[in-house]
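> Chains as they are written, first to last, in our numbering: chain A, 20 to 169; chain B, 3 to 120.
Built from N, CA and C at the ideal position, the CB exists for glycine as well.
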Amino acid sequence: MADVTFADVTQAPLDLGALIARVAGPDAGAIASFVGTVRNHHEGRAVTGIDYEAYEPMASLELARVAHEAVERWPSVRVAVSHRVGTLVVGEASVAIAVASPRRAPALDAVRFVIETLKVRVPIWKREHYVDGTRAWVDPTASAPEATGA
Amino acid sequence: MTTAPIGHPIGAVCVGEGAGEARPPVRVAGPHVFFLRMAHVTVLLFASYADAFGTRALDVPVRAPCTVAELVDAMRTLPGGDRLPSEPLVAVNHVWCAPDTLVHTTDEVAVIPPVAGG
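(1) For chain A, is any of its Cβ atoms less than 7 Å away from the one on His96 of chain B?
(2) Would Glu4 of chain A count as contacting chain B if we go by Cβ distances under 7 Å?
(3) How long is the line joining the alpha carbons of Ile116 of chain A and Phe53 of chain A, rounded to whole angstroms?
(4) Tell me which residues share the same chain as Gly48 of chain A and place their Cβ nearer than 8 Å to its Cβ, disregarding the 5 neighbours each side in the sequence.
(5) Shortest alpha-carbon distance to Thr57 of chain B belongs to which of B:Ala49, B:Val74, B:Val64?
(6) Between which residues of its own chain and Val114 of chain A is the CB-CB distance below 8 Å, once the five residues before and five after are set aside?
(7) Take Pro142 of chain A and list the residues in its own chain whose beta-carbon comes closer than 8 Å to its own, dropping the five residues that flank it on each side.
(8) Can you pull the chain B neighbours of Gly55 of chain A, defined as C-beta to C-beta under 9 Å?
(9) State the start and end residues of the unbroken alpha helix (DSSP H) segment that holds Glu110 of chain B.
(10) For Ala129 of chain A, is the classification buried or exposed, using 16 other Cβ atoms within 10 angstroms of its Cβ as the cut-off for buried?
(11) Mind pulling the chain B residues with CB within less than 7 Å of Thr160 of chain A?
(12) Suppose the cutoff is 8 Å on Cβ atoms and the five residues either side in sequence are ignored; what does the same chain contact list for Ala100 of chain B look like?
(13) Across which residues does DSSP place Ala49 of chain A in a beta bridge pair?
(14) Using the beta-carbon count (16 or more within 10 Å), is Met77 of chain B buried or exposed?
(15) Starting from the C-beta of Val30 of chain B, find all residues in its chain whose C-beta is less than 6 Å away, skip the five residues before and the five after it, and write them out in chain order.
(16) How is the beta strand (DSSP E) around Arg97 of chain A delimited, first residue to last?
(17) Where are the beta strand (DSSP E) runs, 3 residues long or more, that stay fully inside the region 41 to 96 of chain B, in chain order?
(18) Using DSSP with H/G/I as helix, E/B as strand and the rest coil, what is His106 of chain B?
(19) Among A:Asp158, A:Val157, A:Thr24, which has the Cα closest to the Cα of Ala89 of chain A?
(20) Tell me whether Gly36 of chain A sits in a helix, a strand or coil according to DSSP, three-state version.
(21) With a 10 Å radius around its C-beta and 16 neighbouring C-beta atoms as the bar for buried, classify Thr44 of chain B as buried or exposed.
(22) Kindly indicate which three-state DSSP category Arg58 of chain A falls into: helix, strand or coil?
Quick look at the structure:
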């Protein structure tokens with residue numbers, strides 16, 4: 020499949036349909052997707068929103084490197100991924116990924132690879148807003164893996 | 003009356019430098035002396051590290067070029083430096099780098115808090 024790898028970091032609301040359109044094609048037998056959304060709680064605290072901050076241009080570059088690595092691992096896939104920055108409220112999408120492939124297995128595997136890898140590689144941070152008005156930067160290295168992020 | 007020695011070789015007189023003492027020779031030229039001068043490396047900071055140091059662009063006095071590890075050690079002596087972990091993430095020119103990577107004053111250096119995208 021042609022390399023149409025797409026990656027960006029944006030302040031605009033994410034559009035999974037637009038990402039799917041980027042990877043779709045007559046040779047695709049599967050399109051797998053993932054959307055990470057802002058959750059209303061974290062480690063027992065009620066969360067009202069999250070500020071996402073990115074180190075640009077490195078964040079976009081690293082996101083593109085992750086997407087290209089997915090294509091290297093699963094040469095049959097096409098990958099499109101967007102990560103949002105700015106202040107998001109509960110329920111809004113912070114990251115969206117679409118992967119197309121002739122068969123489902125590489126598409127599903129590549130989606131998982133992209134989300135798991137971007138979470139440890141792309142320089143983006145989140146500061147949670149709590150109901151009591153306080154805010155705190157999330158440090159995934161300081162809490163249990165299942166308690167972190169999308 | 004003193005007479006200046008005409009034609010005296012320039013640089014042959016080192017007044018007060020090691021006269022009668024067993025000192026190692028002072029290197030006055032060469033790439034090491036030229037490059038290992040005190041300089042500042044500007045380090046970009048984000049999120050919790052920007053809060054810790056109170057700035058998003060920190061001038062760190064170091065001998066440059068230096069290693070990433072030496073740069074981080076220099077940051078530890080500055081206000082807020084106690085908030086850095088033992089081996090923070092560092093990117094040089096938008097690429098993740100190991101502690102022994104050389105940093106030059108013209109590089110874009112970022113010392114990066116634990117990432118939390120997704």
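Checking against the coordinates, here is how it stands:
(1) yes
(2) Not covered by the structure: residue 4 of chain A. The range shown for chain A is 20 to 169.
(3) 5 Å
(4) Ser120, Pro121, Arg122, Arg123
(5) Selected option, being the one with the closest Cα: B:Ala49.
(6) The residues Leu33, Phe53, Val54, Gly55, Val100, Ser101, His102, Arg103, Ile134, Leu137, Ala169, in chain order, have a CB closer than 8 Å to that of Val114 of chain A in the same chain once the five nearest residues on each side in sequence are set aside.
(7) Taking Pro142 of chain A as the centre and dropping the five residues before and after it, the same chain places the C-beta of Ala73, Tyr74, Met77, Ala78, Glu81 closer than 8 Å to its C-beta, in chain order.
(8) Simply Gly119, Gly120.
(9) From DSSP, Glu110 of chain B is part of no alpha helix (DSSP H); its letter is neither H nor E.
(10) buried
(11) Pro116
(12) Val70.
(13) For Ala49 of chain A, which the question treats as bridged, DSSP gives the partners A:Ser120.
(14) Buried, since its Cβ has 16 or more Cβ neighbours within 10 Å.
(15) Bear in mind that a pLDDT of 49 at Val30 of chain B, under 50, signals an unreliable position, so the number given afterwards is only what the model happens to contain. So no residue of the chain qualifies.
(16) 97 to 103
(17) 59 to 66, 91 to 94
(18) coil
(19) A:Thr24
(20) helix
(21) exposed
(22) coil
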